[in-house]
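Chemist:
In my numbering, the protein residues as written are 14 to 285.
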């Protein structure tokens with residue numbers, strides 16, 4: 014892996030054939046250590062336990078022709094480096110927010126504690142693994158899955174005040190914690206972010222799917238997008254990374270980081 018942007022003195026020296034520098038040179042095409050990836054994707058200093066504001070980032074992958082999935086799943090368009098970054102982003106997060114359809118399609122399991130992240134999470138005042146927060150209006154979920162019955166950290170279910178009582182009871186019986194984040198059956202994205210922050214979960218990560226990401230974009234609560242551009246073409250009618258009604262005015266984000274490995278581009282954008 015190598016850094017393409019921003020260009021540092023070490024990156025420029027490497028790319029221009031200058032002195033190779035140390036083993037930590039960011040311009041070098043090599044596999045980055047966990048510490049380097051964690052530093053590259055660190056949350057802003059204001060986010061975290063006791064921080065003034067939550068920070069919501071999304072992590073998505075897209076092919077060159079805009080497909081966010083192939084045969085309904087993101088794995089076929091991913092890579093080993095993409096999965097290392099996926100693991101790093103989870104290792105840094107307090108909570109992973111995910112849509113119900115993605116839980117069903119991707120076969121979501123509880124986040125696991127990783128020894129490599131233990132010291133980093135302890136220093137940040139975090140538990141051993143991030144919680145998973147499932148966004149669902151209907152609560153049409155299989156509550157017998159390990160995601161609900163045996164997580165290291167209790168799974169949260171974000172829903173509306175008008176959700177079916179029997180489905181709420183089923184979720185709670187399985188061990189999930191139901192969080193009301195909307196007045197009707199659906200979830201209000203801004204209320205969801207506030208509700209998670211009130212639980213001390215400030216470092217937020219969403220992995221989609223496209224419908225949920227579209228709702229977060231439309232509500233103006235997305236702070237950052239980590240987008241992997243996969244060097245693949247799929248054609249077909251696969252979803253884009255964000256779906257749903259268009260926003261009235263396009264949201265402007267600025268590029269803050271760009272990494273590359275084996276033709277995959279790993280970009281990081283923040284809202285302006």
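Note that CB positions come from ideal geometry on N, CA and C, so glycine has one too. What you are looking at is a predicted structure, and each value in this text was computed from that prediction instead of being measured.
(1) Among the residues of its own chain, which have a CB less than 8 Å from the CB of residue 178, if the five just before and after it don't count?
(2) To which residues does DSSP link residue 280 through a beta bridge?
(3) Please name the residue in 180, 193, 146 whose C-alpha comes closest to that of residue 154.
(4) Check this for me: beta carbons of residue 90 and residue 101, under 8 Å apart or not?
(5) What does residue 74 pair with, by DSSP beta-bridge criteria?
(6) So, using beta-carbon positions, are residue 144 and residue 111 closer together than 8 Å?
(7) Thinking C-beta only, is residue 277 closer than 8 Å to residue 241?
(8) Between residue 109 and residue 218, which are expected to be in contact by the criterion C-beta below 8 Å, what is the C-beta distance as a whole number of angstroms?
(9) Ends of the beta strand (DSSP E) at residue 148?
(10) Could you check the C-alpha separation between residue 20 and residue 243 for me, to the nearest Å?
(11) Would you mind reading off the limits of the beta strand (DSSP E) that contains residue 191?
(12) Exposed or buried, which one is residue 281 when buried takes at least 16 other CB atoms within 10 Å?
(13) Given a cut-off of 8 Å on the beta-carbon distance, is the pair residue 182 and residue 156 in contact?
(14) Quick check on DSSP: helix, strand or coil for residue 218?
(15) Determine the burial state of residue 268: buried for a count of at least 16 other Cβ atoms within 10 Å of its Cβ, exposed for fewer.
(16) Buried or exposed, going by whether 16 or more other CB atoms sit within 10 Å of the CB of residue 92?
(17) Taking Cβ to Cβ, would you say residue 170 is nearer than 8 Å to residue 206?
(18) Classify residue 86 as buried or exposed, calling it buried when 16 or more other Cβ atoms lie within 10 Å of its own Cβ.
(19) According to the neighbour-count rule (16 or more other Cβ atoms, all chains shown, within 10 Å of its Cβ), is residue 107 buried or exposed?
(20) Return the residue from the list 56, 201, 45 that minimises the CA-CA distance to residue 283.
(21) Helix, strand or coil for residue 161 per DSSP?
(22) Could you tell me whether the region 256-265 touches the region 211-227, using the rule of 3 or more Cβ pairs below 8 Å?
Modeler: In short:
(1) none
(2) 240, 271
(3) 180
(4) no
(5) 241
(6) The beta carbons of residue 144 and residue 111 sit no closer together than 8 Å.
(7) yes
(8) Rounded, the Cβ-Cβ distance is 5 Å, consistent with contact.
(9) Its beta strand (DSSP E) spans residues 144-148.
(10) 22 Å
(11) 190-193
(12) Counting other Cβ atoms within 10 Å of its Cβ, residue 281 reaches 16 or more and is therefore classed as buried.
(13) no
(14) Note: residue 218 maps to strand in three-state DSSP.
(15) exposed
(16) buried
(17) For the pair residue 170 and residue 206, the CB atoms are not nearer than the 8 Å cut-off.
(18) exposed
(19) buried
(20) 56
(21) Annotated three-state conformation of residue 161 is helix, per DSSP.
(22) yes
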